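Novice: So the sequences go chain by chain: W and X.
First residue of the first sequence: 1, per the UniProt record's numbering; consecutive thereafter.
First residue of the second sequence: 1, per the UniProt record's numbering; consecutive thereafter.
Just so it is clear, CB atoms sit at the ideal spot from N, CA and C, and this is done for glycine as well.
As the structure is a prediction and not an experimental result, all values here were calculated from the model.
My questions will all concern the structure given below.
2 protein chains.
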Amino acid sequence: MGVTKTEIFTEQQNRVADLAKAFAHPARVAILQLLAQKKACVCGDLVDELPLAQATVSQHLKELKRIGIIKGEINPPRVCYCINEVVWEEARQTFGSLFDIYVGASTCC
Amino acid sequence: MGVTKTEIFTEQQNRVADLAKAFAHPARVAILQLLAQKKACVCGDLVDELPLAQATVSQHLKELKRIGIIKGEINPPRVCYCINEVVWEEARQTFGSLFDIYVGASTCC
DNA sequence: ATTGTTTATCGCAATATTACAATGAAAAAT
DNA sequence: ATTTTTCATTGTAATATTGCGATAAACAAT
Chain W
1 MGVTKTEIFT
11 EQQNRVADLA
21 KAFAHPARVA
31 ILQLLAQKKA
41 CVCGDLVDEL
51 PLAQATVSQH
61 LKELKRIGII
71 KGEINPPRVC
81 YCINEVVWEE
91 ARQTFGSLFD
101 IYVGASTCC
Chain X
1 MGVTKTEIFT
11 EQQNRVADLA
21 KAFAHPARVA
31 ILQLLAQKKA
41 CVCGDLVDEL
51 PLAQATVSQH
61 LKELKRIGII
71 KGEINPPRVC
81 YCINEVVWEE
91 ARQTFGSLFD
101 IYVGASTCC
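Pasting the structure below:
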């Protein structure tokens, strides 16, 4: 039905899924790469760097802000975006330990 | 339009997005955790472990196979699933270097 | 007050995803 | 041959996502 049954999974599983969603679209990967590569905040010129309409970029930014992995600081008339260091580290840790639960050496297949 | 413009992004960005999709739904996270925790392949009892219908689980498995992160070996009447070690490592590397491009210490925000 | 600049939001259209019942397919077991 | 078991696929329904034009909002500068 397009409706995910979040209530039947653990908090951790839902959080992993949400963090993964931040990277689950090439446009958002591109945005995050742009933000991560700069030391300073990127003030709005994301639209110029991406082959997408301003409304579309704004929507992806909104989703990234919902997840928490970026921050937006209003600096009228611009808005400056940057990586949220805390959540970025949370994501690094989360995926790090996730990948570590598989130790390799399957006995079959 | 619900249609991602894959052609306007790099191969790498599209691959990251695809790998992230494997983890972008709590049911798939649960499946991957189950498979990763076992040494041996899991032969079909995934449906019993998950609060989802058999058809739904099968659909998620199909998506994970498309991405390549799991393998399915037919062993009639069962099918044994396991992590694809190569792609699992690819994902680990991919996300590892992705998280490393951000060095922290933003000068603003 | 008006204009210009920048970003967010709304509304719409199209496609994608999620979920499941029902059915089909494939092979072992009876 | 029929039944049973297991998994995939099909069909259907509902919700989510993606994309963009148009518009609104917020503020600076004139």
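1) Given a threshold of 16 other Cβ atoms within 10 Å of its Cβ, counted over all protein chains shown, does Arg78 (chain X) qualify as buried or as exposed?
2) When you compare the CB of Ala55 (chain W) with every CB in chain X, is at least one pair closer than 8 Å?
3) What is the residue span of the alpha helix (DSSP H) that Glu49 (chain W) lies within?
4) Taking Cβ to Cβ, would you say Cys80 (chain W) is nearer than 8 Å to Val42 (chain W)?
5) Can you give me, in chain order, the residues of the stretch 56 to 76 of chain W that have a beta carbon less than 7 Å from any beta carbon in chain X?
6) Judging by CA-CA distance, which residue of X:Glu90, X:Phe95, X:Leu19 is the nearest neighbour of Glu90 (chain W)?
7) Mind pulling the chain X residues with CB within less than 7 Å of Gly104 (chain W)?
8) Assign Asn84 (chain X) to buried or exposed, taking buried as 16 or more other Cβ atoms, counted over all protein chains shown, within 10 Å of its Cβ.
9) So, for Leu34 (chain X): in the same chain, excluding its five sequence neighbours on each side, which residues have a beta-carbon less than 7 Å away from its beta-carbon?
10) Who are Asn14 (chain X)'s beta bridge partners in DSSP?
Specialist: Concretely, from the data shown:
1) One-based indexing of the second sequence puts residue 78 (chain X) at position 78. It is exposed - the Cβ of Arg78 (chain X) has fewer than 16 other Cβ atoms within 10 Å.
2) Locating residue 55 (chain W) in the first sequence gives position 55, where the first residue counts as 1. Not closer than 8 Å to any Cβ of chain X, the Cβ of Ala55 (chain W) fails to qualify, so no.
3) Within the first sequence, residue 49 (chain W) is the residue found at index 49, counting from 1. From DSSP, the alpha helix (DSSP H) with Glu49 (chain W) extends over 46 to 49.
4) Your numbering for residue 80 (chain W) matches position 80 in the first sequence. Your numbering for residue 42 (chain W) matches position 42 in the first sequence. Going by C-beta atoms, Cys80 (chain W) is nearer than 8 Å to Val42 (chain W).
5) Lys71, Glu73
6) Within the first sequence, numbered from 1, the residue matching residue 90 (chain W) stands at position 90. If we check each option's Cα against that of Glu90 (chain W), X:Phe95 comes out closest.
7) Position 104 of the first sequence, counted from the first residue, corresponds to residue 104 (chain W). Chain-order list of chain X residues neighbouring Gly104 (chain W): Glu85, by C-beta distance under 7 Å.
8) Counted from its first residue, the second sequence places residue 84 (chain X) at position 84. By the neighbour-count criterion, in which 16 or more other beta carbons inside 10 Å mark a residue as buried, Asn84 (chain X) falls on the buried side.
9) As a first step, residue 34 (chain X) must be located in the second sequence, where it is residue number 34. Around Leu34 (chain X): Val42, Leu46, Glu49.
10) Working through the second sequence from its first residue, we reach residue 14 (chain X) at position 14. Answer by DSSP bridge pairing: none, since Asn14 (chain X) is not bridged.
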